[in-house]
Amino acid sequence: MASCLLTYAPFSVSLTSTTARRNSVALAAGPFASMSTSQRKSRRKKQQNQQHDLKSSDDNGYIGSGTGTYTPSSAEKLLRLVFMEELMARARDGSVSGVSDVIYDMIAAGLTPGPRSFHGLVVAHVLNRDEEGAMHALRRELCEGLRPLHETFIALIRLFGSKGHATRGLEILAAMEKLKYDIRQAWLLLVEELVKNSHLEDANRVFLKGAEGGLRATDQLYDLLIEEDCKAGDHSNALTIAYEMEAAGRMATTFHFNCLLSVQATCGIPEIAFATFENMEYGEAYMKPDTETYNWVIQAYTRAESYDRVQDVAELVGMMVEDYKRLQPNVRTYALLVECFTKYCVTKEAIRHFRALKNFDGGTKVLHNVGQYGDPLSLYLRALCREGRIVELLEALEAMSKDKQQIPRSRYIAEGGLTGERMRWVPRRGKTPLDPDADGFIYSNPMETSFKQRCLEEWKIHHRKLLKTLRNEGPAVLGNVSESDYIWVEERLKKIIKGPEQSSLKPKAASKMIVSELKEELEAQGLPTDGTRNVLYQRVQKARRINRSRGRPLWVPPVEEEEEEVDEELDELISRIKLQEGNTEFWKRRFLGEDLNENHSKPLEVKDYDVLDGSDDADAGDDVAREADDDEVDEEDDEVEQPEGQVADRVKDKEAEAAKPLQMIGVQLLKDSDQSTSSSRKSKRRSSRASMEDDDDEDWFPEDLHEAFKELRNRKVFDVSDMYTIADAWGWTWEKELKNKAPRRWSQEWEVELAVKVMTKVIELGGMPTIGDCAMVLRAAIRAPMPSAFLEILQTTHCLGYVFGSPLYDEIISLCLDLGELDASIAIVADMETSGIKVPDEILDKVISARQANDNPINDVPQ
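Under the UniProt record's numbering, the sequence shown has 83 at position 83, and the numbering climbs by one with no breaks.
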């Protein structure tokens, strides 16, 4: 009988044969092992005779028991209760010998051990994780003709599941099924134990075997298996289980799709993930995409190893912004967007999303991602350095300091940071596909943008916006001014945008250069400056030949730009122009026809705005917009050179243009949509003929601005509630202020101040600037000149263990003395001595002489 109990479909897995099982009964745990079969039979017969052929155990649990019943006395019940309490106490302690002793005492007291007694013995073995002992106890119980408790099988299921023995677990399920037990709970438990103990493959096999046999899992088990399979990258099994779940009547939700996306996002084919995303987007409410859905798809596009995917990510962000009332981005969303835009060289967008990322605690740690996937944090910092965005770099370093995120050193060293041959990643030009290396990026040595160049570019971009606003709004934006003042401001803005005249400078002939000029050119290119004039001359000539052969521009001495004359009256007029970029409330009122005036210079030109924020200053469109603006400025510069007599004509033209009302974006878009529906000549003829026949047709639209607004409201084709930016949708409170804020003009002092801050912050974050980095900052301070910064830079350099050459110290101290900064020179000498640097006698003599001259000034007043 025992052998039959452990074989039954769908879990038909046979154990040992009946003969072998009976032979193994003598090896069961406890004192029963010392008793022979005949002794046990005679003892049992004697007990049965004493108890009037008692056929009951502690729960009458005989297999196939007949019709006979027995009602135990109260004394027997009390005695059995005492034994069972003791047995269960020792079973809970995991004492196999203690349980066996109690069973032996029960037999000695004339009580027959039943299923609960053997259950205690099995539990004791299970708690000791002794699977063989537990199985021996079960086999002995079956040989005794007892029916094991349901709890006994559950205990064995837990043991086999925790040890990953799926086959033995199936055997237990087959035995339970033969005994007419409900095996669903045991099956669920076996699968859960296998999953929890990292036996996922066996768990899938047991689950599918039970599902094929008609068993239905709980919602929690479906979720657990799908999630764990996806974590392990087993997309096939996860999908199979999802199909089984749907066949059982439970449809896949957003959670299940996100699990599948987590695998699809790492397969290198983002189109698969996007197909799943589309199924969710157009599906039922319970399967709509959430923030994690967008995160997985953005990750799929960002880390794809082929082609430029930035436009795909931009479209995803646009869809996410449209659904802002239902979902909002999280820290991982912003980290992935920064990674994406950094990788694809859209630095301005990367900066915007980093400003949102830094508002989350630990945001830079999420971006760093333990250095995986090319270390996006390091790439972002390098992108800022490459484009001369020092203000944003300092902002990023401060965010890292807040998150206690150290500067990663490994990439800095691996990319030649200590040798001066650091590789940079190149911005792509045109639509060239991305050809990534192992880390997913292309590296080269491009020309970098200096901080000064960046400031000049920002200055021009800001004034380009002012010029555009001036032309859109007309003279009214300047207040009560004349047309001549309007033209005056316009010409000034165009001149700022064009920039100073850049004449092509040629280097001076080397034969006509003096020693100091030769040294300056060599030093600027990082070449040695020691030797006689003839040696320096030959070195300069060789450097120029190398530069020509490699197509590099020849070095020319920097030209000091003449400071522009400040016209306070003109600057005051320009300051009246207020930018409204990102001011949604302003544009809502404007769309409704409020705050309009009749002095607009010309209609607002509608361009293809960037999908992210509706602005035309994104990096992706900067080059095109700049070229268009430059062409426009060049055309207008020709007008500036016209005789003064034509200025009046220009004023009249502008007055005529001012009579035209401002064309609103919504009106223009509606007209564009009408035109797009009738692009062909044939369709245009039909539409014009239809409009002539019926003036009440829907294509009719009034030309008057206020009537157009009223018509839009009546048709309800557009509402002001639909007007919002990404800053409005995602709560970027800083965006509007930064966009409309006038940039700060570059100065050498400001550059030195920022450089010192960056160097200090880098050291604070565990970075190690090279001596070349320190020298670069010091040279910038010398050019300023800023004696107040000399000491701080030198102290930082000395703390790092670097020592400059004597000529540099001599130059610094001499400059301090020439500028009358005696205290600064004395402090520098004191710091050198404190740092253990030998101060040359020449430098000491200069400082002492200057000190004596300062203490005893010569009075040149005539007697």
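Quick reminder that beta carbons are idealized off the backbone N, C-alpha and C, glycines included.
Since the structure is predicted, the reported quantities are computational estimates derived from the model, not experimental observations.
Problem - Three-state secondary structure assigned by DSSP to residue 146 - result: Position 146 of the sequence shown, counting from 1, holds the residue named residue 146. DSSP places residue 146 in strand when its eight states are reduced to three.
Exercise for the section: Within 10 angstroms of the Cβ of residue 834, are there 16 or more other Cβ atoms? Answer buried if so, exposed if not. Expected result: By one-based count along the sequence shown, residue 834 stands at place 834. Burial call: exposed.
Practice task
Pull up the CB-CB distance for residue 390 and residue 754, whole angstroms please, since I reckon it's below 8 Å.
Solution key: For the purposes of this step, residue 390 is taken as the residue at position 390 of the sequence shown. For the purposes of this step, residue 754 is taken as the residue at position 754 of the sequence shown. Yes, residue 390 and residue 754 are in contact; Cβ-Cβ is about 5 Å, under 8 Å.
Problem - Neighbour flag for residue 761 against chain D, beta carbons, 8 Å - result: Going by chain labels, chain D is absent from the structure shown, which holds only one protein chain.
Exercise for the section: Look at the alpha carbon of residue 184 and the alpha carbon of residue 244, and state the distance between them as a whole number of angstroms. Expected result: Position 184 of the sequence shown, counting from 1, holds the residue named residue 184. Position 244 of the sequence shown, counting from 1, holds the residue named residue 244. Going by the C-alpha atoms only, they are around 16 Å apart.
Practice task
Classify residue 371 as helix, strand or coil using the three-state DSSP reduction.
Solution key: Counting from 1 along the sequence shown, the entry for residue 371 is found at position 371. Residue 371: helix per DSSP, three-state reduction.
Handout entry: Through-space distance from residue 149 to residue 878, alpha-carbon basis
Key = Outside the shown range of the chain, which is 1 to 863, sits residue 878, and nothing can be said about it.
Exercise for the section: Enumerate, from N- to C-terminal direction, the unbroken alpha helix (DSSP H) stretches of 4 or more residues contained entirely within the stretch 146-196. Expected result: 150-163, 166-178 and 184-196
Handout entry: Run of the alpha helix (DSSP H) containing residue 834, from where it starts to where it stops
Key = The residue you call residue 834 lines up with position 834 of the sequence shown. Element bounds for residue 834: 822-834.
Practice task
Find out if the Cβ-Cβ distance for the pair residue 573, residue 466 is shorter than 8 Å.
Solution key: On the sequence shown, residue 573 is found 573 positions in, with the first residue counted as 1. On the sequence shown, residue 466 is found 466 positions in, with the first residue counted as 1. For residue 573 and residue 466, no; Cβs fall outside 8 Å.
Handout entry: Residue range of the alpha helix (DSSP H) that includes residue 113
Key = Walking along the sequence shown from the start, residue 113 turns up at place 113. Segment: none, residue 113 is in no alpha helix (DSSP H) and carries neither H nor E.
Problem - Selection from 128, 139, 336 and 204 that minimises the alpha carbon distance to residue 234 - result: On the sequence shown, residue 234 is found 234 positions in, with the first residue counted as 1. Ranking 128, 139, 336 and 204 by Cα distance to residue 234 puts 204 first.
Exercise for the section: Tell me, to the nearest whole angstrom, how far the beta carbon of residue 303 is from that of residue 373; I am working on the premise that it is less than 8 Å. Expected result: Stepping through the sequence shown from its first residue, residue 303 is reached at position 303. Stepping through the sequence shown from its first residue, residue 373 is reached at position 373. Indeed they touch by this definition, with Cβ atoms about 6 Å apart.
Problem - Contact belief for residue 138 with residue 169 at Cβ below 8 Å, rounded distance in angstroms - result: Within the sequence shown, numbered from 1, the residue matching residue 138 stands at position 138. Within the sequence shown, numbered from 1, the residue matching residue 169 stands at position 169. The pair is not a contact, with the Cβ atoms about 13 Å apart (cut-off 8 Å).
Practice task
Given a cut-off of 8 Å, decide if residue 535 and residue 521 are closer than it, judged by their beta-carbon atoms.
Solution key: Position 521 of the sequence shown, counted from the start, is the residue given in the question as residue 521. Position 535 of the sequence shown, counted from the start, is the residue given in the question as residue 535. Result no, Cβ atoms of residue 521 and residue 535 do not sit closer than 8 Å.
Exercise for the section: For residue 226, count neighbouring Cβ atoms within 10 angstroms of its own Cβ and tell me buried if that reaches 16, exposed if not. Expected result: To locate residue 226, count along the sequence shown from 1; it is residue 226. Buried, by the Cβ-count rule.
Exercise for the section: Use the C-beta contact count for residue 852: other C-beta atoms within 10 angstroms, 16 or more gives buried, fewer gives exposed. Expected result: Locating residue 852 in the sequence shown gives position 852, counting from the first residue. Looking at its Cβ environment, which holds fewer than 16 other Cβ atoms inside 10 Å, residue 852 is exposed.
Handout entry: Where residue 455 falls: helix, strand or coil (DSSP)
Key = The sequence position of residue 455 within the sequence shown is 455, counting from 1. The answer is helix: DSSP assigns residue 455 an H, G or I state.
Problem - Backbone secondary structure at residue 481 - three-state DSSP - result: As a working mapping, residue 481 is identified with position 481 in the sequence shown. Coil.
Practice task
Would you kindly check if the distance between the Cβ of residue 803 and the Cβ of residue 793 is under 8 Å?
Solution key: Indexing the sequence shown from 1 puts residue 793 at position 793. Indexing the sequence shown from 1 puts residue 803 at position 803. Not closer than 8 Å, so no.
Practice task
Can you grab the Cα-Cα spacing for the pair residue 845 / residue 551, in whole Å?
Solution key: Here residue 845 refers to the residue found at position 845 of the sequence shown. Here residue 551 refers to the residue found at position 551 of the sequence shown. If you take the alpha carbons of residue 845 and residue 551, they lie about 48 Å apart.
Practice task
Pull up the distance between the alpha-carbon of residue 508 and that of residue 299, whole angstroms please.
Solution key: Translated into positions along the sequence shown, residue 508 becomes position 508. Translated into positions along the sequence shown, residue 299 becomes position 299. Roughly 54 Å between the two C-alpha positions.
Handout entry: Helix, strand or coil at residue 701 according to DSSP, with G and I counted as helix
Key = To locate residue 701, count along the sequence shown from 1; it is residue 701. Coil.
Problem - C-beta atoms of residue 156 and residue 206 nearer than 8 Å - result: On the sequence shown, residue 156 is found 156 positions in, with the first residue counted as 1. On the sequence shown, residue 206 is found 206 positions in, with the first residue counted as 1. In this structure, residue 206 does not lie closer than 8 Å to residue 156 by Cβ.
Practice task
Indicate, with yes or no, if the ligand ZN has a heavy atom lying under 7 Å from the CB of residue 725.
Solution key: The ligand ZN is absent from the structure shown, which contains no ligand whatsoever.
Handout entry: CA nearest to the CA of residue 870, picked from 836, 151 and 367
Key = It is not possible to answer for residue 870, since the shown part of the chain is limited to 1 through 863.
Practice task
Indicate the three-state DSSP secondary structure (helix, strand or coil) for residue 534 in the structure shown.
Solution key: Residue 534 sits at position 534 when you count from the first residue of the sequence shown. In the structure shown, residue 534 sits in a helix (DSSP, three-state: H, G or I).
Handout entry: Between the CA atoms of residue 329 and residue 256 - distance to the nearest angstrom
Key = Sequence index remark: in the sequence shown, residue 256 carries index 256 (1-based). Sequence index remark: in the sequence shown, residue 329 carries index 329 (1-based). Roughly 20 Å separates the two Cα atoms.
Problem - Spatial distance of residue 282 from residue 356 (CA atoms) - result: For the purposes of this step, residue 282 is taken as residue 282 along the sequence shown, with counting starting at 1. For the purposes of this step, residue 356 is taken as residue 356 along the sequence shown, with counting starting at 1. Looking at the two C-alpha atoms, the distance is approximately 29 Å.
Handout entry: Among 259, 593, 179 and 200, nearest to residue 164 - alpha-carbon criterion
Key = Within the sequence shown, residue 164 is the residue found at index 164, counting from 1. The shortest C-alpha separation from residue 164 is found at 200.
Problem - Residue burial classification, residue 311 (beta-carbon count within 10 angstroms, cutoff 16) - result: Within the sequence shown, residue 311 is the residue found at index 311, counting from 1. Per the 10 Å Cβ criterion, exposed.
Practice task
Go through its chain and collect everything with a Cβ distance to residue 327's Cβ below 6 Å, but skip five positions before and after it.
Solution key: Counted from its first residue, the sequence shown places residue 327 at position 327. Closer than 6 Å at the Cβ level, and outside the excluded window around residue 327, lie 290 and 291.
Exercise for the section: Find out if the Cβ-Cβ distance for the pair residue 462, residue 727 is shorter than 8 Å. Expected result: Position 462 of the sequence shown holds residue 462. Position 727 of the sequence shown holds residue 727. No, these two residues do not count as a Cβ contact at 8 Å.
Handout entry: Pairwise C-alpha distance: residue 594 and residue 578
Key = In the sequence shown, residue 578 corresponds to position 578, counting from 1. In the sequence shown, residue 594 corresponds to position 594, counting from 1. One C-alpha to the other measures close to 17 Å.
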